[in-house]
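Q: Position in the sequence shown (from 1) plus 1072 gives the number in our numbering.
For every residue, glycine included, the Cβ atom is placed at its ideal position computed from N, Cα and C.
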Amino acid sequence: MRRLHLMLDRFMRRGAAMALLALACKHDAASDDGTTGDASTSSEGGSSSTASSSSGSSSSGADSSGGSSGSTGEVDLPDPLPPLDAIVLTTESRRVPVHAIAAMQENDPREPAMLDQMIADGYGDEQDADGEPILDVTLDGSAAPEPGPAAGRITRFVHMADTQLADDESPTRLAGFDSPGATAGAFRPQEAYGCQMVNAAVRTINAVNAADPIDFVIMGGDNADSAQSNEVQWFLGVLDGADVVECDSAVDDDPVPGEGNDPKDPFAPVGLDVPWYWVMGNHDVLVQGNFAIAGREDDVVGEDVDGATRDWSMPGGPLTMGPVPADEERALVDGSSLLGLVMASNGGHGVTQPVVDSGKANYTFDVAGTDIRFVVLDTAAQTGGSEGVVRQAEVDAFLRPALDAAVDDGKFVLIATHHASTSLGDGSGLGGMVIDDALTTDEFQGLLGEYDNILAHLCGHSHIHRVTAVEPMGGTPYWEVITSAIADHPHQMRVLEIIDEDNGFISLSSVAFDIAFDGDALAAEGRLRGITDLTSGWQHTGEGVPEDRNVKLWFPLPG
1073 MRRLHLMLDR FMRRGAAMAL LALACKHDAA SDDGTTGDAS TSSEGGSSST
1123 ASSSSGSSSS GADSSGGSSG STGEVDLPDP LPPLDAIVLT TESRRVPVHA
1173 IAAMQENDPR EPAMLDQMIA DGYGDEQDAD GEPILDVTLD GSAAPEPGPA
1223 AGRITRFVHM ADTQLADDES PTRLAGFDSP GATAGAFRPQ EAYGCQMVNA
1273 AVRTINAVNA ADPIDFVIMG GDNADSAQSN EVQWFLGVLD GADVVECDSA
1323 VDDDPVPGEG NDPKDPFAPV GLDVPWYWVM GNHDVLVQGN FAIAGREDDV
1373 VGEDVDGATR DWSMPGGPLT MGPVPADEER ALVDGSSLLG LVMASNGGHG
1423 VTQPVVDSGK ANYTFDVAGT DIRFVVLDTA AQTGGSEGVV RQAEVDAFLR
1473 PALDAAVDDG KFVLIATHHA STSLGDGSGL GGMVIDDALT TDEFQGLLGE
1523 YDNILAHLCG HSHIHRVTAV EPMGGTPYWE VITSAIADHP HQMRVLEIID
1573 EDNGFISLSS VAFDIAFDGD ALAAEGRLRG ITDLTSGWQH TGEGVPEDRN
1623 VKLWFPLPG
């Protein structure tokens, strides 16, 4: 207890208050009024797995790999994992923990010995369970109509949220504040394996695409964990299939001697076979998803630790209060700097120069050959605080004009943000400041309800599957779909299909699917530790209920 009090005292003296972090996402105030450029792109302009990311990793040295700065010289490139033979969706089979969730949190997953014992006792074991059918759900609760004779798919895509790739050795980590409940995300026993787990997710998406083609992947935000350049570079390298990625910082750690046998070793990511689009979350632009980067630029590249980080020079990577080896590659990125990295990486992923200049990831893109348009809205408050903020100035400059243009162009719209409408506020949460022109939840829902061509609002942030029929007062109802996190249990994504039902309705079908780990021992170890975090009682599941997972959402055509 004395150790915790000392950490709190040190962190509060640095002006960060008590890092009770709800660990959502973060952004920096690069644009005072929140306005952005309007960048409309086609879903044909994304990435492919054959290109090497210019801002990710390369085969020559640690500086370009985003990994350790302690290794130099020529290295032999590892081989990417082979494609998966097949993929099982949760309509066919589900994976569920074997061990019951502990009612009393007697074991601390931050302690390597306790974690090892829990794993030995089966806390991370899982088993197959029956799949779940796709449930038909209508906005008014009535029975779903029968499809017409010419019903057909318009587009198929994947929504992947909250990967939160973390530099778990950073001096700005707050792992000492981890506890069951509100601060459970301050430390994750699987976080060192995050890059391997995201690579496994990419490999799984490629298998989904091989079985039945998808058009693109859209992110849910919180791609990085703490607004660090190296975390963003790792994410871009994994998704864009860089030659090699090494998710290690400062000294070159090798917890298990040898190559390719621990999460700090370099590996060759497979890269997505389809285009993907960036969505900004609070963790992408805020330190630990809560605190503005201003005033912390020196802390992150220094040696002093305020809230406990990990020491991978010791077995199991126990917590340390430092000092830790410094690394300039941990430099913090504001909105414009981060978006510049994204734009430079293999096609830009929806980000163009006007978006970079604005510092806010607000843009639109059309799904080629369809009447579908995505409006991507940046809800991260770069002034601090994990809750989402939508400013009236941003509505006037970007959102309403984008929605009006979609009406004029005859497009159906899906809104993509990090925060759900119920996670919006005025920016005054922990680490933040009041934003005077911030919309309330009701105001944001009412704005979307003014448009009868909005099909759904896709979001992340909450780390839980959830589907809600939003019914704005006097407006048109629409669907809000939250996808759970890759970073936490159940480590799932959604594959979604928009179908013209040829009966006066459009439907949005959503099926959850697990990351596949065939032949991928390191990613499988990450999932095992994620399940252990759940069953130990330190982390909640994000599964939701069946009505939040495999569903077919019906939407009547306007007018």
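1. Of the choices S1582, G1609, S1608 and A1596, whose alpha-carbon is the least far from that of V1230?
2. Report the rounded CA-to-CA distance for F1627 versus G1482, giving the unit in angstroms.
3. Consult DSSP for S1251 and reduce its assignment to one of helix, strand or coil.
4. Could you compute how far the alpha carbon of D1605 sits from the alpha carbon of G1388?
5. So within the stretch 1254-1300, which uninterrupted alpha helix (DSSP H) runs reach at least 4 residues, ignoring any that extend past its ends?
6. Rounded to a whole number of angstroms, what is the C-alpha to C-alpha distance between I1554 and A1492?
7. Quick check on this structure: which residue in D1620, P1618 and I1603 has the alpha carbon closest to the alpha carbon of Y1195?
8. If we call anything under 8 Å between Cβ atoms a contact, is G1422 one with S1408?
9. At the level of alpha carbons, what is the spacing between Q1236 and A1258?
10. Apart from the five residues on each side of it in sequence, which residues of its chain come closer than 6 Å, Cβ to Cβ, to T1442?
11. I think G1303 touches A1238, with their Cβ atoms under 8 Å apart; what is that distance to the nearest whole Å?
12. Could you say which of G1532, A1474, G1591 and L1502 lies nearest to R1566 if we only look at CA atoms?
13. How long is the line joining the alpha carbons of D1157 and E1375, rounded to whole angstroms?
14. Nearest to E1369 by alpha carbon, out of D1406, N1333 and A1477?
15. First and last residue of the beta strand (DSSP E) that includes F1363?
16. Ignore the nearest five residues each way along the sequence and tell me which others in F1577's own chain have a CB closer than 7 Å to its CB.
17. On the premise that A1488 lies in contact with F1642, defined as a C-beta separation below 8 Å, what is that separation, rounded to the nearest angstrom?
18. What beta strand (DSSP E) runs, 3 residues minimum, are completely inside the stretch 1445-1526?
19. Nearest to Q1564 by alpha carbon, out of R1538, P1155 and A1433?
20. Quick check: the stretch 1278-1296 against the stretch 1335-1351, are at least 3 beta-carbon pairs closer than 8 Å?
21. Kindly list the residues whose CB is nearer than 7 Å to the CB of T1198, restricted to its own chain and excluding five residues on each side of it in sequence; keep chain order.
22. Which residue marks the beginning of the beta strand (DSSP E) containing A1541, and which one marks its end?
23. Use the C-beta contact count for Q1425: other C-beta atoms within 10 angstroms, 16 or more gives buried, fewer gives exposed.
24. Please tell me whether T1233 and G1292 are closer than 8 Å, where the distance is taken between their beta carbons.
25. Put T1604 into one of helix, strand or coil per three-state DSSP.
26. Run through the DSSP bridge pairs and tell me what F1229 is partnered with.
27. Could you check whether the stretch 1321-1336 touches the stretch 1456-1474, counting it as contact only if at least three pairs of C-beta atoms, one from each stretch, sit closer than 8 Å?
28. Please state whether the Cβ-Cβ distance between H1490 and G1457 is less than 8 Å.
29. So is S1121 buried or exposed if we call it buried at 16+ other beta carbons inside 10 Å?
30. Among the residues of its own chain, which have a CB less than 7 Å from the CB of I1536, if the five just before and after it don't count?
31. If we ignore side chains and look at the alpha-carbon of each, how far apart do S1119 and M1415 end up?
32. Have a look at G1420, V1372 and L1410 and flag the residue whose alpha-carbon is nearest the alpha-carbon of V1400.
33. Can you name, in chain order, every residue of its own chain whose Cβ lies under 6 Å from the Cβ of H1612, other than the five neighbours on each side?
34. If A1279 and I1159 are in contact, beta carbons under 8 Å, what's the gap, nearest whole angstrom?
35. Can you name the residues that DSSP bridges to D1586?
A: Let me lay it out:
1. Position 158 of the sequence shown holds residue 1230. Ranking the options by Cα distance to V1230, first place goes to S1582.
2. For this step, residue 1627 is matched to residue 555 along the sequence shown. For this step, residue 1482 is matched to residue 410 along the sequence shown. Going from the Cα of F1627 to the Cα of G1482 covers about 16 Å.
3. Along the sequence shown, read from residue 1 onward, the residue named residue 1251 stands at position 179. S1251: coil per DSSP, three-state reduction.
4. Counting from one through the sequence shown, the residue named residue 1605 turns up at place 533. Counting from one through the sequence shown, the residue named residue 1388 turns up at place 316. Approximately 15 Å, taken between the alpha carbons.
5. 1266-1283
6. As a first step, residue 1554 is located in the sequence shown; it is residue number 482 there, counting from the start. As a first step, residue 1492 is located in the sequence shown; it is residue number 420 there, counting from the start. For I1554 and A1492, the distance between alpha carbons rounds to 7 Å.
7. Translated into positions along the sequence shown, residue 1195 becomes position 123. Selected option, being the one with the closest Cα: I1603.
8. By 1-based counting over the sequence shown, the position of residue 1422 is 350. By 1-based counting over the sequence shown, the position of residue 1408 is 336. No, they are not a contact pair.
9. Here the question's residue 1236 lines up with position 164 in the sequence shown. Here the question's residue 1258 lines up with position 186 in the sequence shown. Whole-angstrom Cα-Cα distance: 11 Å.
10. Walking along the sequence shown from the start, residue 1442 turns up at place 370. Within the same chain, T1442 has close Cβ partners I1226 and T1227.
11. Start at 1 with the first residue of the sequence shown, and residue 1303 comes out as number 231. Start at 1 with the first residue of the sequence shown, and residue 1238 comes out as number 166. Note that residue 1303 is Glu in the sequence shown here, rather than Gly. The pair is a contact, with the Cβ atoms about 7 Å apart (cut-off 8 Å).
12. By 1-based counting over the sequence shown, the position of residue 1566 is 494. Comparing Cα positions, the closest option is G1532.
13. Locating residue 1157 in the sequence shown gives position 85, where the first residue counts as 1. Locating residue 1375 in the sequence shown gives position 303, where the first residue counts as 1. Rounded to whole angstroms, D1157 to E1375 spans 45 Å at the Cα level.
14. Position 297 of the sequence shown, counted from the start, is the residue given in the question as residue 1369. Cα-wise, what sits closest to E1369 is D1406.
15. Indexing the sequence shown from 1 puts residue 1363 at position 291. Taken as a continuous stretch (DSSP letters only), F1363 belongs to no beta strand (DSSP E), as it is neither H nor E.
16. For the purposes of this step, residue 1577 is taken as the residue at position 505 of the sequence shown. Excluding sequence neighbours, F1577 sits near P1217, W1626, F1627, P1628 and L1629.
17. With the chain covering 1073 to 1631 only, the question about residue 1642 has no answer from this structure.
18. 1484-1488
19. In the sequence shown, counting from the first residue as 1, residue 1564 sits at position 492. Minimum Cα distance to Q1564 is reached at R1538.
20. yes
21. In the sequence shown, counting from the first residue as 1, residue 1198 sits at position 126. The identity of residue 1198 in the sequence shown is Glu, whereas the question assumes Thr. The residues are R1167, V1168, P1169, V1170 and I1603.
22. Locating residue 1541 in the sequence shown gives position 469, counting from the first residue. Segment R1538 to V1542, the beta strand (DSSP E) holding A1541.
23. Here residue 1425 refers to the residue found at position 353 when the sequence shown is read from its first residue. Exposed, because fewer than 16 other Cβ atoms sit within 10 Å of the Cβ of Q1425.
24. In the sequence shown, counting from the first residue as 1, residue 1233 sits at position 161. In the sequence shown, counting from the first residue as 1, residue 1292 sits at position 220. Reading the sequence as shown, one finds Ala at residue 1233 and not Thr. Result yes, Cβ atoms of A1233 and G1292 sit closer than 8 Å.
25. In the sequence shown, the residue the question calls residue 1604 occupies position 532. In the structure shown, T1604 sits in a helix (DSSP, three-state: H, G or I).
26. Within the sequence shown, residue 1229 is the residue found at index 157, counting from 1. The partner list for F1229 (beta bridge, DSSP) reads F1288 and L1568.
27. Short answer: they don't touch.
28. Indexing the sequence shown from 1 puts residue 1490 at position 418. Indexing the sequence shown from 1 puts residue 1457 at position 385. Not in contact: H1490 and G1457 (Cβ atoms no closer than 8 Å).
29. Taking the sequence shown and counting its residues from 1, the one referred to as residue 1121 is at position 49. Its pLDDT being 34, under 50, S1121 is placed unreliably in this model, and the value from its coordinates should be taken loosely. The residue is buried, with at least 16 neighbouring Cβ atoms inside 10 Å.
30. Reading the sequence shown from its first residue, position 464 is the one you call residue 1536. Cβ neighbours of I1536 beyond the five flanking positions: I1554, S1556, G1614 and G1616.
31. Taking the sequence shown and counting its residues from 1, the one referred to as residue 1119 is at position 47. Taking the sequence shown and counting its residues from 1, the one referred to as residue 1415 is at position 343. Here S1119 scores only 37 on pLDDT, less than 50, and its place in the model should not be relied on; the value that follows carries that caveat. Whole-angstrom Cα-Cα distance: 11 Å.
32. Stepping through the sequence shown from its first residue, residue 1400 is reached at position 328. Val is not the amino acid found at residue 1400; the sequence shown has Glu there. Ranking the options by Cα distance to E1400, first place goes to V1372.
33. As a working mapping, residue 1612 is identified with position 540 in the sequence shown. Hits under 6 Å: none found.
34. To locate residue 1279, count along the sequence shown from 1; it is residue 207. To locate residue 1159, count along the sequence shown from 1; it is residue 87. At roughly 4 Å, the Cβ-Cβ gap stays under 8 Å, so A1279 and I1159 are in contact.
35. Sequence index remark: in the sequence shown, residue 1586 carries index 514 (1-based). Looking at the DSSP output, D1586 sits in a beta bridge with Q1564.
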